[in-house]
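Following: one structure in structure tokens, then a few remarks.
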């Protein structure tokens, strides 16, 4: 599936436990490896865990499961706490 | 490893390694299944002869394979440039 990279900007990123992470702000390319390295995600959901004042995070491409109308990534316990209040 | 943000690339000039100005980058085609970067979409410069290149209207496709380096310019290999992906 071939896509223009500008179509990814602004997509919502969710984990496979249906937790909202943020919106795609930018894409990091690995020029030597000729592949996508990571998605830079901004507008972070403040409830996913310790953000320590960071405005964004990079989601490595290997944890991305699927890209369509949204971006679906693997849920990593310990990084994404889930949106339920504990 | 040489990494770059996409938004950094906007409006960068594409130049071949023999010093010819090819054009300005418009977009990038990626394969989301594998994560591979497939093509650059380039708006060719008026002085550049696009005969023999893959074209779509006034846009030109440059295989990402041909990209040597990205700093202030995007430098592409002039031999790999014509190869169709």
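Residue numbers (our numbering), protein chains in the order written: chain A, 41 to 126; chain B, 10 to 94.
The beta carbon of each residue, even a glycine, is placed where N, CA and C say it ideally should be.
Contacts of residue i in chain B (Cβ-Cβ under 9 Å)
i	result
residue 68 (chain A)	12, 13, 14, 15
Neighbour list for residue i in chain A, Cβ cutoff strictly below 9 Å
i	result
residue 34 (chain B)	Per Cβ cutoff of 9 Å: no residues; residue 34 (chain B) is ~11 Å from chain A at best.
Residue i classed as buried or exposed, judged by whether at least 16 other C-beta atoms fall within 10 angstroms
i	result
residue 37 (chain B)	buried
residue 86 (chain A)	exposed
residue 48 (chain B)	buried
residue 62 (chain A)	buried
residue 66 (chain A)	buried
For residue i, the residue or residues it bridges with in DSSP
i	result
residue 13 (chain B)	A:69
residue 40 (chain B)	A:42
residue 54 (chain A)	A:60, A:112
residue 76 (chain B)	B:85
residue 34 (chain B)	B:51
residue 64 (chain B)	B:69
residue 79 (chain A)	A:67, A:99
residue 105 (chain A)	BP columns for residue 105 (chain A) are empty, so no partner.
residue 22 (chain B)	B:33
Within chain A, partners of residue i - CB distance below 7 Å
i	result
residue 73 (chain B)	74
residue 44 (chain B)	75, 76, 101
residue 47 (chain B)	42
When the options are compared against residue i, the one with the closest alpha-carbon
i	options	result
residue 77 (chain B)	B:28, B:20, B:16	B:28
residue 89 (chain A)	A:49, A:41, A:50, A:116	A:116
residue 33 (chain B)	B:56, B:61, B:91	B:56
Straight-line gap, residue i to residue j (C-alpha atoms, nearest Å)
i	j	result
residue 97 (chain A)	residue 68 (chain B)	33 Å
residue 83 (chain A)	residue 85 (chain B)	35 Å
residue 78 (chain A)	residue 15 (chain B)	11 Å
residue 22 (chain B)	residue 104 (chain A)	31 Å
residue 59 (chain B)	residue 74 (chain B)	18 Å
residue 64 (chain A)	residue 45 (chain A)	11 Å
residue 12 (chain B)	residue 71 (chain A)	6 Å
residue 52 (chain B)	residue 50 (chain A)	24 Å
Beta-carbon neighbours of residue i, restricted to chain A and to distances below 8 Å
i	result
residue 76 (chain B)	71, 74
residue 96 (chain B)	Summary: the structure shown does not reach residue 96 (chain B), with chain B confined to residues 10 through 94, and so no result is reported for it.
residue 31 (chain B)	Result: empty, since nearest Cβ-Cβ is about 17 Å, beyond 8 Å.
Per-residue contacts from residue i into chain B (C-beta, under 7 Å)
i	result
residue 45 (chain A)	15, 36, 37, 39
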